[in-house]
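Student:
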Amino acid sequence: MTKPQVDPRFATTLARGLSVLRAFRPADDGLSNAEIAQRTGLPKSTVSRLTWTLGSLGYLTQSPRDDRFRPGPTLVAVGQVASASLSFLVPAQDLMARLADETGTLVVLAVRDGTRLVLIRTWRPARVSSIWLEVGQPVALRGFSSARAFVAAATTAELARIAAEFPASEAEPFGPMPQVRDRAGAELTARGFVFTPGGPDAAAPYHAVSAPFRAPNLPEPVVFTCGALPDTADAARMETEIGPRLAEAIRSLERLTGQPSTLSRREA
Numbered sequence: 001m002t003k004p005q006v007d008p009r010f011a012t013t014l015a016r017g018l019s020v021l022r023a024f025r026p027a028d029d030g031l032s033n034a035e036i037a038q039r040t041g042l043p044k045s046t047v048s049r050l051t052w053t054l055g056s057l058g059y060l061t062q063s064p065r066d067d068r069f070r071p072g073p074t075l076v077a078v079g080q081v082a083s084a085s086l087s088f089l090v091p092a093q094d095l096m097a098r099l100a101d102e103t104g105t106l107v108v109l110a111v112r113d114g115t116r117l118v119l120i121r122t123w124r125p126a127r128v129s130s131i132w133l134e135v136g137q138p139v140a141l142r143g144f145s146s147a148r149a150f151v152a153a154a155t156t157a158e159l160a161r162i163a164a165e166f167p168a169s170e171a172e173p174f175g176p177m178p179q180v181r182d183r184a185g186a187e188l189t190a191r192g193f194v195f196t197p198g199g200p201d202a203a204a205p206y207h208a209v210s211a212p213f214r215a216p217n218l219p220e221p222v223v224f225t226c227g228a229l230p231d232t233a234d235a236a237r238m239e240t241e242i243g244p245r246l247a248e249a250i251r252s253l254e255r256l257t258g259q260p261s262t263l264s265r266r267e268a
């Protein structure tokens with residue numbers, strides 16, 4: 001669990017409870033207390049108290065058949081409220097669904113969640129097999145195009161605040177920050193997107209292009225990404241066709257939501 005710098009306002013018990021909720025992944029068929037303890041780094045006794053409390057409040061449910069915990073109805077309701085508050089998702093829905101269908105790529109939306117980016121929306125192309133990523137899938141902050149796009153769009157103050165949340169051993173969660181920011185920023189300025197090739201020796205097996213977007217009610221950029229396996233879209237097509245299409249979709253989203261260009265809000 002990420003531990004921020006000591007601050008008297010920080011509620012440690014609340015943070016631990018939220019880390020339990022964040023331990024769940026889409027592919028899980030429930031988690032035991034021992035598995036939650038392993039994922040969060042919390043003592044099993046602490047996890048037992050937290051899961052009991054979260055279960056009592058409806059955030060978790062416990063199956064009598066296997067004694068494993070799963071997200072509960074209260075957590076689902078909170079997620080629906082949070083999703084409804086992101087008004088930019090309404091115009092983004094048609095734009096990204098069309099982009100997925102017309103390019104044959106998987107389009108995803110990622111937001112930062114502590115030490116990682118997490119997918120909160122996916123758009124799959126119709127009648128085309130695509131890479132398999134689901135809502136809730138975590139993405140590391142190093143190497144991926146989505147992370148590079150995030151760094152390129154964030155202000156220096158935002159990046160400093162994020163870096164301060166990490167333990168000293170992870171002082172540069174994005175990699176060498178100045179180099180990553182300069183290179184990704186130059187790529188984003190020149191083309192409107194960043195490209196990271198995939199392959200057996202890369203961070204991911206798929207090619208990906210990413211572009212950031214500044215939502216009016218969020219404190220940090222979010223990132224839209226198009227991804228495809230090399231046999232579906234080769235590197236040249238990703239750079240010359242799909243990347244520009246993604247950049248145009250982001251410009252359309254900015255116009256529809258009345259938002260200025262994401263890069264215009266980035267500090268030099």
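Everything in the sequence shown is counted per the UniProt record's numbering, starting at 1 for the first residue and increasing by one.
Think of the CB as a built atom: it goes at the ideal place given N, C-alpha and C, for glycine as much as any other residue.
Using the three-state DSSP reduction, which class does Ser210 fall into: helix, strand or coil?
Tutor: strand
Student: Given a threshold of 16 other Cβ atoms within 10 Å of its Cβ, counted over all protein chains shown, does Pro4 qualify as buried or as exposed?
Tutor: Any reading at Pro4 is ruled out, since the residue's pLDDT is 46, under 50, leaving its predicted position unreliable.
Student: Within this structure, are the beta carbons of Arg70 and Ser32 separated by less than 7 Å?
Tutor: no
Student: Apply the 10 Å Cβ neighbour rule to Gly79 and answer buried if 16 or more other Cβ atoms are within range, or exposed otherwise.
Tutor: exposed
Student: Expressed to the nearest angstrom, what Euclidean distance is found between the alpha-carbon atoms of Thr103 and Asp66?
Tutor: Taking the straight line from one Cα to the other gives about 43 Å.
Student: Can you find the residues in the same chain that come closer than 6 Å, C-beta to C-beta, to Ser146, ignoring five residues on each side of it along the sequence?
Tutor: Ala110, Leu117, Val139, Ser210, Val223 and Thr225
Student: May I ask whether a heavy atom of the ligand FAD can be found less than 6 Å away from the beta carbon of Ala149?
Tutor: This structure does not include the ligand FAD; it has no bound ligands of any sort.
Student: From what residue to what residue does the alpha helix (DSSP H) around Thr46 run?
Tutor: Lys44 to Ser56
Student: Which ranges does the alpha helix (DSSP H) cover as unbroken runs of at least 4 residues, wholly within the stretch 93 to 158, from first to last along the chain?
Tutor: 145 to 153
Student: At the level of alpha carbons, what is the spacing between Met238 and Leu99?
Tutor: 13 Å
Student: What's the gap between the Cα of Arg39 and the Cα of Ala23?
Tutor: Computed Cα separation, rounded: 6 Å.
Student: What is the rounded straight-line gap between the Cα of Leu119 and the Cα of Pro26?
Tutor: 11 Å
Student: Which same chain residues, not among the five before or five after Ala97, have their C-beta less than 6 Å away from its C-beta?
Tutor: Trp123
Student: In chain order, what residues of the same chain lie with their CB nearer than 7 Å to the CB of Asp101, ignoring the 5 residues before and after it?
Tutor: Pro125 and Ala126
Student: Tell me whether the beta-carbon of Leu60 lies closer than 7 Å to the beta-carbon of Thr51.
Tutor: yes
Student: Which residue or residues does DSSP assign as beta-bridge partners of Arg70?
Tutor: Thr61
Student: In the DSSP assignment, find the unbroken alpha helix (DSSP H) run with residue 269 in it and report its ends.
Tutor: Because the chain spans 1 through 268 in this model, residue 269 falls outside it and cannot be assessed.
Student: Buried or exposed for Gly227, please, with buried defined as at least 16 other CB atoms from any protein chain shown within 10 angstroms of its CB.
Tutor: buried
Student: My output table needs one value for Thr196: the three-state DSSP class, helix, strand or coil.
Tutor: strand
Student: Cutting at 7 Å between CB atoms, please list the residues of its own chain near Ala235, excluding the five before and the five after it.
Tutor: Take Ala235, set aside five residues on each side of it, and the residues of its chain with a beta-carbon closer than 7 Å to its own are Pro197 and His207, in chain order.
Student: Exposed or buried, what is Phe193 when buried is set at 16 or more other beta-carbons lying within 10 Å of its beta-carbon?
Tutor: Only buried fits Phe193, as 16 or more other CB atoms lie within 10 angstroms of its CB.
Student: Is Ser264 closer than 7 Å to Leu95 when the C-beta atoms are compared?
Tutor: Their beta carbons are not under 7 Å apart, which means Leu95 does not touch Ser264 by this criterion.
Student: List the DSSP bridge partners of Leu31.
Tutor: Phe69
Student: Given that a residue counts as buried once 16 or more other Cβ atoms are within 10 Å of its Cβ, and exposed if not, what is Phe10?
Tutor: exposed
Student: Is Leu14 buried or exposed, if buried means 16 or more other CB atoms sit within 10 Å of its CB?
Tutor: exposed
Student: Determine the contact status of Phe213 and Ile250, defining contact as a CB-CB distance below 7 Å.
Tutor: yes
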